[in-house]
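Protein chains in written order, with our numbering: chain A, 86 to 206; chain B, 12 to 383.
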């Protein structure tokens with residue numbers, strides 16, 4: 086299972102043709118305390134770069150974009166009651182959605198861990 | 012998601028506590044021309060700490076001035092009754108334009124006995140305010156702008172215990188009283204007031220002593236430094252206006268629901284700026300007014316449109332998550348027909364109408380110290 090990153094600070098964990106998507110620890114730190122996450126409905130499809138979710142911190146609202154094209158097959162319902170999971174565990178319990186990939190070749194255009202670390206440093 | 016990294020500061024001013032902020036690990040942000048601390052450990056933790064114990068704020072960006080001379084000349088520009096302001100007292104007042112629009116809100120006080128008035132105005136408006144006051148009192152009074160003093164605020168239920176241990180006499184002040192005291196050999200000007208809804212003090216300190224005194228207060232384990240982020244969520248929960256957002260030159264004290272700051276003798280004498288228009292609007296009821304609102308889910312932010320039955324009925328002027336309330340809170344200007352507490356409204360967020368309710372303010376009970 087490989088993890089890829091976008092320049093807009095989403096992470097993508099790929100398992101077969103399904104990708105779990107969240108925001109990076111760096112992004113969560115920059116946002117500050119997350120107080121609400123607006124997630125899409127299961128079954129909705131997004132093209133790469135579409136606005137897919139909104140994360141509200143005490144400070145401001147920020148859009149989360151679809152890092153790859155696909156159909157939402159699951160959302161993290163736990164964020165409704167515990168949005169702080171995005172801060173506490175951004176790369177695990179704070180995941181946003183699972184997408185069924187429609188074009189796996191898009192993954193090649195994303196950054197690997199080393200490239201992302203260079204991007205934020 | 013787009014993330015804005017630390018911005019490079021150019022031409023921004025620094026308060027006398029800048030070095031302390033960076034030493035304490037603050038995340039800095041430009042505000043009103045100053046490089047100010049947005050947060051230290053995090054907005055939510057800082058907000059909660061202030062409500063539970065005590066928080067120290069740097070508000071040195073605000074404008075301080077000493078006014079001496081003919082007070083009638085100054086009074087003409089504001090809404091307070093200065094003849095009723097005794098030595099040792101402070102009032103919240105409004106600087107109005109000729110149409111009765113709000114140029115600024117400010118504190119006016121008499122900490123120096125008979126020696127004039129101490130003014131504290133907003134950072135973003137201070138240059139305009141002081142020019143306006145100086146111009147309109149020329150030849151009658153003297154406005155000395157104070158640029159060599161810092162201003163800090165100590166706020167929270169334990170503020171009086173903390174500050175009383177350092178300056179016992181200052182802890183005897185009650186809400187909206189003020190005076191001159193000595194701390195660590197330094198003359199400080201103290202008022203029992205603030206911008207959080209909590210008990211607390213605002214303290215003017217010579218700039219070259221500001222860091223030492225701030226560190227002295229922070230040495231008390233009950234005190235943590237608090238940034239502008241929590242300052243905003245604290246004042247919003249307390250129902251306190253932010254100038255330039257919840258009122259401006261286009262809003263009158265009637266619309267802003269600030270008529271309590273227009274002294275009764277001034278209303279009767281109709282001698283404050285725009286008095287005729289303001290008192291007419293007060294009698295006729297305004298078309299719209301400032302209200303509070305609450306909602307579930309995502310918080311509505313400043314600028315969001317308020318609708319009812321498909322009609323636009325207002326606009327959000329401040330909005331965010333209230334950590335003590337545990338949900339979104341905000342202020343809005345709403346058409347009078349829909350402005351009663353309990354009215355169900357809808358706020359447009361990213362194109363979708365979300366239910367909200369007009370709610371009486373403050374959202375969190377104010378806990379000012381008014382004496383035993």
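From the three backbone atoms N, C-alpha and C, an ideal C-beta is built for every residue, glycine too.
Below the 7 Å Cβ cutoff, chain A contributes no neighbours of residue 365 (chain B), its closest Cβ being approximately 10 Å away. Runs of beta strand (DSSP E) with 3 or more residues, each lying fully within the region 288-313 of chain B, are found at 299-306, listed in chain order.
Here the alpha carbons of residue 239 (chain B) and residue 73 (chain B) stand approximately 13 Å from one another. In this structure, residue 218 (chain B) lies away from residue 145 (chain B), with their beta-carbon atoms at least 8 Å apart. At a Cβ-Cβ threshold of 8 Å, residue 314 (chain B) and residue 342 (chain B) do not count as neighbours.
Listed along the chain, the chain B residues whose CB falls inside 7 Å of the CB of residue 118 (chain A) are 53, 54 and 55. Taking 8 Å as the cut-off, the Cβ atoms of residue 187 (chain B) and residue 101 (chain B) count as close. At a beta-carbon threshold of 9 Å, the residues of chain B lying near residue 146 (chain A) are 309, 310, 312, 360 and 361, ordered along the chain.
Sequence-distant partners of residue 201 (chain A) (beyond 5 residues in either direction) whose C-beta falls short of 7 Å from its own C-beta, in its chain, are 90.
Look at the beta carbons and you see the region 116-136 of chain B touching the region 87-102 of chain B: at least three pairs across the two are nearer than 8 Å.
Using a CB distance below 9 Å, the part of the region 315-340 of chain B facing chain A consists of 331, 332, 334, 338 and 339, ordered along the chain. Per the DSSP secondary-structure output, residue 171 (chain A) pairs with nothing in a beta bridge.
If you look at residue 48 (chain B), you'll find it in the beta strand (DSSP E) that goes 45-50. Between the alpha carbons of residue 326 (chain B) and residue 371 (chain B) lies a gap of roughly 17 Å. Check the Cα spacing between residue 168 (chain A) and each of A:194, A:107 and A:97: the tightest is with A:107. In terms of Cβ geometry, residue 113 (chain A) and residue 119 (chain A) form a close pair [threshold 8 Å]. By a beta-carbon distance limit of 8 Å, residue 198 (chain A) does not contact residue 99 (chain A). Their separation comes to about 13 Å.
Residues of chain A with a Cβ closer than 8 Å to the Cβ of residue 240 (chain B) are, in chain order, 117, 143 and 144. Residue 266 (chain B) and residue 290 (chain B) have their C-alpha atoms roughly 11 Å apart.
Per DSSP, residue 61 (chain B) is one residue of the alpha helix (DSSP H) stretching across 54-63. Distance from the Cα of residue 126 (chain B) is smallest, within the candidate group B:106, B:154 and B:111, for B:154. Chain A places a beta carbon closer than 8 Å to that of residue 50 (chain B), counting this residue as a contact.
Closer than 8 Å to the CB of residue 181 (chain A) there is not a single CB belonging to chain B. If you draw a straight line from the Cα of residue 251 (chain B) to the Cα of residue 62 (chain B), it is about 15 Å long. Judged by their CB atoms, residue 210 (chain B) and residue 168 (chain B) are nearer to each other than the 8 Å cut-off.
Neighbours of residue 123 (chain A) in chain B, taken as residues whose beta carbon is under 7 Å from its own, are 309 in chain order.
Sequence-ordered contacts of the region 229-263 of chain B with chain A read 240 and 244 [C-beta pairs closer than 8 Å]. The alpha-carbon separation between residue 141 (chain A) and residue 310 (chain B) amounts to approximately 8 Å. Excluding sequence positions up to five before and after residue 359 (chain B), its CB lies within less than 7 Å of the CB of 315, 316 and 318, all in the same chain and listed in chain order.
The alpha carbon of residue 52 (chain B) has as its nearest neighbour, out of B:241, B:351, B:274 and B:346, the alpha carbon of B:241.
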